[in-house]
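Below is one structure, written out as structure tokens; the observations come after it.
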Amino acid sequence: MVISQQEFLFSVIKRLDITKNILAAKIGVSLHTLNLWLLPEDSVEFVPMPNEIEEFIYKQLLCNISKSKKYSLRDNIALNGKNHLLSVDQFDRESLENFFRVADLMKPISRRQKISRILEGAVLGNLFFEASTRTRVSFGTAFCRLGGSVCDTTGFTFSSMAKGESIYDTSRVIGGYVDIMVVRHPEQGSVAEFSRATNIPVVNGGDGPGEHPSQALLDLYTIRTEFSRLGKSIDGSCVVMIGDLKYGRTVHSLLKLLSLYKGLKISLFSPPGLEMPDSIINYASVNGNCVDIKSSLEEGLDGVDVVYATRVQKERFTNPMNEYFDKKFQIDLSKINSNCKKDTIVMHPLPRDGRPGANDLSIDLNNDSRLAIFRQADNGIPIRMAIFAILLGVITWLIIHYAMYSGLYLLTLGLTILLSIVCNIVYLGFISL
Ligand code: NCD
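Here the sequence shown is numbered in the working numbering, starting from 120 and rising by one per residue.
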């Protein structure tokens, strides 16, 4: 679990809109036991909740809930009443669709076809304690496109953490300087720790091998956009995830998000030792979705609609084994041609490891239109703009701004037409004189 047990249980109570008593009855335990599970993890009386109960909650209670209409999208995805984005667990199907509608609104602004300054004066703290190019720059760009400003820190070396400062102190201090924080950190659960120390919204930009919610949202948005072009629907489609499924946080979040759809066939193929954790497979095996582990790359690629390749997360190993970089795990043009369809899309969160022997996604697919990786990366901007606008509660302003913009446009057009009519009448009047 990326979030703490306490946060998880409180979010279940909120999402189901029930009391603690009712939740205790639904999961078949006494209120006293539930109260012990609800204690903070550092409390002496804290008791960990059994895995079977967590599974029961996901499979029996959360899987079919439909959100009450009375909440805004921001309230619906809030965690324990706070406007953080730490995990894709915060979404259900309805809030996901609404989220994508906001991203659609952001697209013309992300391309500068329309201008918006709804975050004018706001400051983003972009705190990256792990390597990043795309995620850091696209979060920063997304904030600037909405009129805000960005303060960055990169790595431990140039931050006070190198002097022994705790996550708590860093988060408390930065929370007083900026309006929202994006944090990437090598420890799983660390971004949740940042969020507990502050009242400003915190976005998980990747917490070790835990989760990467903004990436999964942009990945799914890419699948949705590509499928609408190809006339396909996500429900009932076939997806294969390939590579380091154990440490790859993007596939953890994406598999969880895909579980909100129905009738999917999801295949997994990884080098031995890098398999997807069982907890995530269990999470996703709902709504008639079938998650299947394949024994060869070719079998995994066979007839799928989406190929999602990942890099071996070398930085998480003390000693990465050479077998992980074998050519038999590499996706290239010939394997795609022999096993996939004409309308299969090939995705990768990037970066792909281009060093000799890495055998990551091959560059021989670069000129093939099925390769969606750069369109996928582009979608990072509208998705991250949508995250900021939702968490900072400015969607209504954006819509009013849009309406005013269109209203002003119509008014200007109307006045221009009127003026040209008047000019023509005056001109004709002169001629007839
Ligand atoms: C991914 C990450 O950092 O988890 N990259 C990204 O954010 N686009 C994937 C990776 O590093 O392999």
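Here a beta-carbon is modelled for each residue, glycine too, at the ideal position from N, C-alpha and C.
Legend entry - Ranges of the alpha helix (DSSP H) found wholly within the stretch 272-297, counting only runs of at least 4: Fully enclosed alpha helix (DSSP H) runs of 4 or longer: 286-294.
Inset, instruction - Please confirm whether leucine 349 and phenylalanine 388 have their CB atoms less than 8 Å apart. - result: For the purposes of this step, residue 349 is identified with residue 230 of the sequence shown, where counting begins at 1. For the purposes of this step, residue 388 is identified with residue 269 of the sequence shown, where counting begins at 1. No, the pair does not count as a contact, with Cβ atoms beyond the cut-off.
Legend entry - Segment contact, 8 Å Cβ cut-off, at least three pairs: the stretch 366-378 with the stretch 325-335: Here the stretch 366-378 lies against the stretch 325-335, with 3 or more beta-carbon pairs under 8 Å apart.
Legend entry - glycine 473 versus leucine 364 - alpha carbon distance: The residue given as residue 473 occupies position 354 in the sequence shown. The residue given as residue 364 occupies position 245 in the sequence shown. Taking the straight line joining both Cα atoms gives about 19 Å.
Inset, instruction - Can you tell me which of the three DSSP states lysine 186 falls into? - result: Within the sequence shown, numbered from 1, the residue matching residue 186 stands at position 67. With a pLDDT of only 48 at lysine 186, under the threshold of 50, the placement of this residue in the model should not be trusted; the figure read from the coordinates follows. Three-state DSSP puts lysine 186 in coil, outside helix and strand.
Legend entry - Endpoints, the alpha helix (DSSP H) within which valine 256 is located: For the purposes of this step, residue 256 is taken as the residue at position 137 of the sequence shown. Boundaries of the alpha helix (DSSP H) around valine 256: 253-264.
Legend entry - the stretch 242-260 in contact with the stretch 317-330 per 3-pair CB rule at 8 Å: They touch, by the three-pair rule.
Inset, instruction - Determine the contact status of leucine 469 and alanine 496, defining contact as a CB-CB distance below 8 Å. - result: Position 350 of the sequence shown holds residue 469. Position 377 of the sequence shown holds residue 496. Closer than 8 Å, so yes.
Inset, instruction - Provide the residue span of the beta strand (DSSP E) that contains alanine 428, from first to last. - result: Taking the first residue of the sequence shown as position 1, residue 428 is located at position 309. In the DSSP assignment, alanine 428 falls within the beta strand (DSSP E) that extends over 425-428.
Inset, instruction - Hey, could you find the ends of the alpha helix (DSSP H) serine 130 is sitting in? - result: For this step, residue 130 is matched to residue 11 along the sequence shown. Serine 130 -> alpha helix (DSSP H) spans 124-135.
Legend entry - Any 3 or more C-beta pairs closer than 8 Å across the stretch 489-506 and the stretch 340-356: The stretch 489-506 vs the stretch 340-356: in contact.
Inset, instruction - Rounded to whole angstroms, what's the CA-CA distance from leucine 420 to lysine 454? Just pull it up for me. - result: As a first step, residue 420 must be located in the sequence shown, where it is residue number 301. As a first step, residue 454 must be located in the sequence shown, where it is residue number 335. So the two alpha carbons sit approximately 8 Å from each other.
Legend entry - Contact belief for phenylalanine 444 with alanine 477 at Cβ below 8 Å, rounded distance in angstroms: Looking up residue 444 in the sequence shown gives position 325. Looking up residue 477 in the sequence shown gives position 358. Sure, about 6 Å apart at Cβ, within 8 Å.
Inset, instruction - Could you name the residues that DSSP lists as bridge partners for asparagine 323? - result: By one-based count along the sequence shown, residue 323 stands at place 204. Answer is Val302, bridged to asparagine 323.
Inset, instruction - Give the single residue among His467, Val405, Gly392, Ile412 whose Cα lies nearest to the Cα of asparagine 438. - result: Locating residue 438 in the sequence shown gives position 319, counting from the first residue. Nearest in C-alpha terms to asparagine 438, of all of His467, Val405, Gly392, Ile412, is Gly392.
Legend entry - Beta-carbon proximity of glycine 499 to serine 257, cut-off 8 Å: Start at 1 with the first residue of the sequence shown, and residue 499 comes out as number 380. Start at 1 with the first residue of the sequence shown, and residue 257 comes out as number 138. In this structure, serine 257 lies closer than 8 Å to glycine 499 by Cβ.
Inset, instruction - Could you give the DSSP three-state label for isoleucine 464: helix, strand or coil? - result: Against the sequence shown, residue 464 aligns to sequence position 345. Correct three-state label for isoleucine 464: strand.
Inset, instruction - Decide if valine 297 is buried, meaning its Cβ has at least 16 other Cβ atoms within 10 Å, or exposed. - result: To locate residue 297, count along the sequence shown from 1; it is residue 178. Valine 297 is classed as buried because its beta carbon has at least 16 other beta carbons within 10 Å across all chains shown.
Inset, instruction - List the whole-angstrom C-beta distance separating alanine 143 from leucine 135, where the pair is believed to meet the contact cut-off of C-beta under 8 Å. - result: Position 24 of the sequence shown, counted from the start, is the residue given in the question as residue 143. Position 16 of the sequence shown, counted from the start, is the residue given in the question as residue 135. Contact doesn't hold; Cβ gap of about 12 Å is too wide.
Legend entry - Contact set for isoleucine 506: own chain, Cβ-Cβ below 7 Å, skip 5 residues either direction: If you number the sequence shown from 1, residue 506 lands on position 387. Only Leu204, Val322, Ser333 meet the Cβ criterion.
Inset, instruction - Flag serine 251 as yes when its Cβ comes closer than 7 Å to any non-hydrogen atom of the ligand NCD, and as no otherwise. - result: On the sequence shown, residue 251 is found 132 positions in, with the first residue counted as 1. Under cutoff, so the answer is yes.
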